[in-house]
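Shown next, in structure tokens, is the structure this report addresses.
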Amino acid sequence: MEDYVNDYAKMALALASAQLAKDTAVREHGIGEDLSVHFMGWSEEDLIVVAQMKDEVARNPQEDRFNRCKTICAILRRCWWVSSITMVSEGFCSLDASKTANHDLAKAFTDTAMPVLECITVSHVTVDQGGTVSPVSMVAAPYTMKVGRVVEWRDILVYPELTEKNIRQYKYPLMLASSIMEQPVEEVGPEVMVQARTDIDAAGFLLQELY
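For reference, each letter of the sequence shown is one residue, going 709 to 919 in this note's numbering.
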């Protein structure tokens with residue numbers, strides 16, 4: 709139960725931070741200001757590193773962005789020895805899966821009759837000291853935009869164990885799970901870390917180390 713509570717707390721912190729950032733961005737810049745995809749790396753209960761996608765990379769094709777995210781998560785696991793990875797992104801969610809089955813949610817969002825909203829999603833995975841990987845969990849915070857540059861948040865949707873039934877882009881949860889199973893570098897010396905930081909920058913991410 710303790711691990712579950714810790715993971716839930718990490719996801720709650722990530723979501724609250726993202727909602728605050730969204731509120732601020734919309735208030736200052738207006739509708740259409742999306743948050744950058746970012747990854748939070750944890751060592752047990754401590755947040756130790758954050759990698760945020762650069763704005764110019766966010767405009768790249770989806771497959772290119774996915775491959776860059778995959779690279780980043782593997783580096784965080786191998787070189788920072790993170791035991792948990794949290795992914796924060798923007799997207800679309802369905803409030804009624806039966807009505808949106810087989811629909812592209814981004815396209816369905818343009819149809820006001822469809823129960824689809826924009827949302828911030830937080831996906832999370834953890835590996836314990838024995839090498840057991842938790843099921844990838846996700847929370848989604850749907851929202852609508854109101855006059856006056858105001859974000860109206862709806863009830864949070866919780867998916868304690870993600871499956872292909874819950875999310876269309878299931879390759880991201882699979883990527884998180886495979887990344888956290890990467891074998892950490894045994895000796896993380898200065899040269900290894902310099903190369904890791906260089907690789908992260910080359911992949912199109914900004915790095916913030918918190919320790």
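Even for Gly, the Cβ is constructed at its ideal location relative to N, Cα and C. Here the structure is a predicted model, which is why all the values come from computation and not from measurement.
For A904, the CB contacts under 7 Å within the same chain, skipping 5 residues up- and downstream, are I783, C787 in chain order. Under the DSSP assignment, E771 falls in the alpha helix (DSSP H) whose first and last residues are 770-788.
Short of 7 Å from the beta carbon of P868, and not among the five residues preceding or following it, lie these beta carbons of its own chain, in chain order: S845. Following the DSSP letters along the chain, one finds K854 inside the beta strand (DSSP E) bounded by residues 845-854. In this structure, L884 is the residue among A910, V900, L884 with its C-alpha nearest to the C-alpha of V796. Under DSSP, Y867 takes part in a beta bridge, and its partners are M846. The beta carbon of P823 lies closer than 8 Å to those of S802, L803, D804, K807, T808 in the same chain, with the five residues before and after it left out. Under DSSP, F913 takes part in a beta bridge, and its partners are M761. Distances from the alpha-carbon of A849 to those of Y878, M761, E826, T834 put E826 closest. Contact check for S842 and Y880: beta-carbon distance about 16 Å, past the 8 Å limit, so the pair fails to qualify. With respect to L914, K762 sits close: the two C-beta atoms are nearer than 8 Å. Secondary structure of D731 (DSSP, three-state): helix. Between the alpha carbons of K854 and E860 lies a distance of about 7 Å. At a Cβ-Cβ threshold of 8 Å, T818 and G799 do not count as neighbours. Take M901, set aside five residues on each side of it, and no residue of its chain has a beta-carbon closer than 6 Å to its own. By alpha-carbon distance to S751, the top candidate from K730, V833, T906, T779 is V833. One Cα belongs to A816, the other to V866, and the distance between them is close to 21 Å.
In this structure, DSSP gives D804 a state outside helix and strand, which the three-state scheme calls coil. From the listed residues V745, I780, E753, the smallest Cα separation to E764 is found for V745. The Cβ atoms of V734 and R862 do not sit closer than 8 Å to each other.
Here R776 has A911, G912 as same chain residues with Cβ atoms under 6 Å from its own Cβ, once five neighbours each way along the sequence are excluded. Annotated three-state conformation of E899 is helix, per DSSP. Using a Cβ distance threshold of 8 Å, S887 and R773 do not count as a contacting pair.
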